[in-house]
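Asks:
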Amino acid sequence: MIEIEKLSEHAHRMVVIAEFRQDDAEQLVAFAKERNAAGGGGNLLIDVTAVTDFTLSAVAVELAHMPSLIKWIYGLDRIAVISDNDWVRTGARLESALLPGVVYEVYDDDEAEAAKAWVLEGSAGPHAGAIEELELGKPGLVGFALSGRLDREESERGVALVRKRMQEAGCKRLLLVIRNWHGFDLDRLLSREVLSGKLEIARKLERYAIVGGPKWVRRYAEFTSAFVKADIKSFDLDDQDKAIAWLES
Numbered sequence: 002m003i004e005i006e007k008l009s010e011h012a013h014r015m016v017v018i019a020e021f022r023q024d025d026a027e028q029l030v031a032f033a034k035e036r037n038a039a040g041g042g043g044n045l046l047i048d049v050t051a052v053t054d055f056t057l058s059a060v061a062v063e064l065a066h067m068p069s070l071i072k073w074i075y076g077l078d079r080i081a082v083i084s085d086n087d088w089v090r091t092g093a094r095l096e097s098a099l100l101p102g103v104v105y106e107v108y109d110d111d112e113a114e115a116a117k118a119w120v121l122e123g124s125a126g127p128h129a130g131a132i133e134e135l136e137l138g139k140p141g142l143v144g145f146a147l148s149g150r151l152d153r154e155e156s157e158r159g160v161a162l163v164r165k166r167m168q169e170a171g172c173k174r175l176l177l178v179i180r181n182w183h184g185f186d187l188d189r190l191l192s193r194e195v196l197s198g199k200l201e202i203a204r205k206l207e208r209y210a211i212v213g214g215p216k217w218v219r220r221y222a223e224f225t226s227a228f229v230k231a232d233i234k235s236f237d238l239d240d241q242d243k244a245i246a247w248l249e250s
């Protein structure tokens with residue numbers, strides 16, 4: 002089942018629920034042709050968190066009308082995909098990277114409001130605000146929380162914020178709490194600001210505690226402690242107090 006809703010003059014939301022069938026594909030094609038006839042453009046929010054399967058007849062309809070669908074997709078300005086399925090999110094990001102002119106932003110189901118705000122052009126960036134400072138009230142400690150996805154812009158902002166606060170507080174001990182981790186955009190690895198900023202922070206740190214987040218992030222951080230002077234230790238998400246106690250010790 003597919004539902005198409007007009008969010009604004011320039012934005013639509015498309016929700017796919019349960020099985021995607023032939024009549025759903027026909028409705029999608031009709032909508033694409035209608036938008037092409039109107040001149041194309043605009044933004045699209047695609048929510049596939051509730052999709053369970055698709056039929057071969059639906060695929061056949063899409064293949065038969067691929068030129069119209071491609072013209073419509075290529076004409077869009079912004080595309081936000083909401084999915085809790087890893088292969089859907091990975092596929093959308095690969096398509097965005099490999100096909101010039103097709104711009105996707107990918108969101109998990111708990112980021113639906115952020116996706117909608119971006120499609121409606123009501124937010125500064127697709128994943129802005131992933132990093133926020135924590136009020137610890139502990140001298141010599143600074144803390145930050147990470148929630149959502151890190152794009153290049155937010156990574157650069159976050160690194161600059163950490164450097165500034167550590168310098169202002171004259172501290173060498175850092176707490177990072179990771180909540181609702183949704184990964185990062187690969188182009189942040191190419192940012193000179195991110196790389197140089199992280200190296201400067203690493204040189205100044207004495208202790209660094211990571212609370213929460215996927216296991217591979219925490220293991221990688223602890224592995225890097227062999228190459229920097231700082232002690233790095235990871236904690237479970239509900240052990241923030243233990244992490245602060247370790248930082249203070």
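Residues in the sequence shown are numbered consecutively from 2, following my numbering. Note that beta-carbon positions come from the ideal geometry of N, C-alpha and C, so glycine has one too.
Tell me the start and end of each unbroken alpha helix (DSSP H) in the segment 10 to 65 that is at least 4 residues and wholly inside, in chain order.
Replies: 23 to 38 and 57 to 65
Asks: Considering only C-alpha positions, which residue in the set L176, R204 and S226 is nearest to G138?
Replies: As a first step, residue 138 must be located in the sequence shown, where it is residue number 137. For the residues L176, R204 and S226, the minimum Cα distance to G138 belongs to L176.
Asks: Do L196 and A231 have their C-beta atoms closer together than 8 Å?
Replies: For the purposes of this step, residue 196 is identified with residue 195 of the sequence shown, where counting begins at 1. For the purposes of this step, residue 231 is identified with residue 230 of the sequence shown, where counting begins at 1. Contact: no.
Asks: Is D242 helix, strand or coil by DSSP?
Replies: Counted from its first residue, the sequence shown places residue 242 at position 241. Residue state, collapsed to three classes: helix.
Asks: Assuming contact is defined by CB atoms lying nearer than 8 Å, are C172 and L147 in contact in what I supplied?
Replies: Here the question's residue 172 lines up with position 171 in the sequence shown. Here the question's residue 147 lines up with position 146 in the sequence shown. No, they are not a contact pair.
Asks: Kindly indicate which residue of I83, K216 and R150 has the alpha-carbon position closest to the one of N181.
Replies: Indexing the sequence shown from 1 puts residue 181 at position 180. Checking every option, the nearest Cα to that of N181 belongs to R150.
Asks: Bridge partners of I233, per DSSP?
Replies: Position 232 of the sequence shown, counted from the start, is the residue given in the question as residue 233. Bridge partners of I233: Y209.
Asks: Take K7 and list the residues in its own chain whose beta-carbon comes closer than 7 Å to its own, dropping the five residues that flank it on each side.
Replies: Within the sequence shown, residue 7 is the residue found at index 6, counting from 1. So the list reads H13, once near-sequence residues are dropped.
Asks: Is DSSP giving F228 helix, strand or coil here?
Replies: Numbered from 1 along the sequence shown, position 227 holds the residue referred to as residue 228. Of the three classes helix, strand and coil, the one that applies to F228 here is coil, per DSSP.
Asks: So, using beta-carbon positions, are A118 and Y108 closer together than 8 Å?
Replies: Residue 118 sits at position 117 when you count from the first residue of the sequence shown. Residue 108 sits at position 107 when you count from the first residue of the sequence shown. No; because the gap between Cβ atoms is not below 8 Å, this pair is not in contact.
Asks: I'd like to confirm the pairing. Which residues does DSSP put opposite S148 in its beta bridges?
Replies: Here the question's residue 148 lines up with position 147 in the sequence shown. Answer is R180.
Asks: Between the C-alpha atoms of I47 and R208, what's the straight-line distance to the nearest angstrom?
Replies: Taking the sequence shown and counting its residues from 1, one reaches residue 47 at position 46. Taking the sequence shown and counting its residues from 1, one reaches residue 208 at position 207. Between I47 and R208, the C-alpha separation is close to 43 Å.
Asks: Give the DSSP-derived three-state secondary structure of A131 in the structure shown.
Replies: Stepping through the sequence shown from its first residue, residue 131 is reached at position 130. A131 falls in the coil class under three-state DSSP.
Asks: Measuring straight from C-alpha to C-alpha, what distance separates E112 and S69?
Replies: The count along the sequence shown starts at 1 and reaches residue 112 at position 111. The count along the sequence shown starts at 1 and reaches residue 69 at position 68. One C-alpha to the other measures close to 30 Å.
Asks: Could you check which residue in A38, E134 and F185 has the C-alpha nearest to that of D152?
Replies: Locating residue 152 in the sequence shown gives position 151, counting from the first residue. It is F185 whose Cα lies nearest to the Cα of D152.
Asks: Look up V195 in the DSSP assignment and say whether it is helix, strand or coil.
Replies: On the sequence shown, residue 195 is found 194 positions in, with the first residue counted as 1. Looking at V195 - three-state DSSP - the assignment turns out to be helix.
Asks: Can you look up V107 in the DSSP assignment and give me helix, strand or coil?
Replies: Here residue 107 refers to the residue found at position 106 of the sequence shown. Residue state, collapsed to three classes: strand.
Asks: Would you give the residue range spanned by the alpha helix (DSSP H) that K173 belongs to?
Replies: Reading the sequence shown from its first residue, position 172 is the one you call residue 173. First-last for K173: undefined, no H or E at that position.
Asks: State the Cα-Cα distance for the pair R193 and V212, rounded to the nearest angstrom.
Replies: As a first step, residue 193 must be located in the sequence shown, where it is residue number 192. As a first step, residue 212 must be located in the sequence shown, where it is residue number 211. Looking at the two C-alpha atoms, the distance is approximately 26 Å.
Asks: Out of K216, F224 and E154, state which residue places its alpha-carbon closest to the alpha-carbon of D237.
Replies: Residue 237 sits at position 236 when you count from the first residue of the sequence shown. For D237, the nearest C-alpha among the options comes from K216.
Asks: Determine the direct distance from the alpha carbon of E96 to that of T225, and round the result to whole angstroms.
Replies: If you number the sequence shown from 1, residue 225 lands on position 224. If you number the sequence shown from 1, residue 96 lands on position 95. The straight-line gap from Cα to Cα measures roughly 32 Å.
Asks: Can the beta-carbon of E157 be found less than 8 Å from the beta-carbon of G126?
Replies: Indexing the sequence shown from 1 puts residue 157 at position 156. Indexing the sequence shown from 1 puts residue 126 at position 125. No; because the gap between Cβ atoms is not below 8 Å, this pair is not in contact.
Asks: Identify, in the order they occur along the chain, each residue of the same chain with its Cβ nearer than 7 Å to the Cβ of F32, setting aside the five sequence neighbours on each side.
Replies: Within the sequence shown, the letter at position 31 stands for residue 32. Within the same chain, F32 has close Cβ partners I5.
Asks: Should G42 be labelled buried (16 or more other beta-carbon atoms within 10 Å of its own) or exposed?
Replies: Reading the sequence shown from its first residue, position 41 is the one you call residue 42. G42 comes out exposed.
Asks: Where Y75 and K34 are concerned, what is the direct C-alpha to C-alpha distance, given to the nearest angstrom?
Replies: Taking the sequence shown and counting its residues from 1, one reaches residue 75 at position 74. Taking the sequence shown and counting its residues from 1, one reaches residue 34 at position 33. Answer to the nearest angstrom: the Cα atoms are 13 Å apart.
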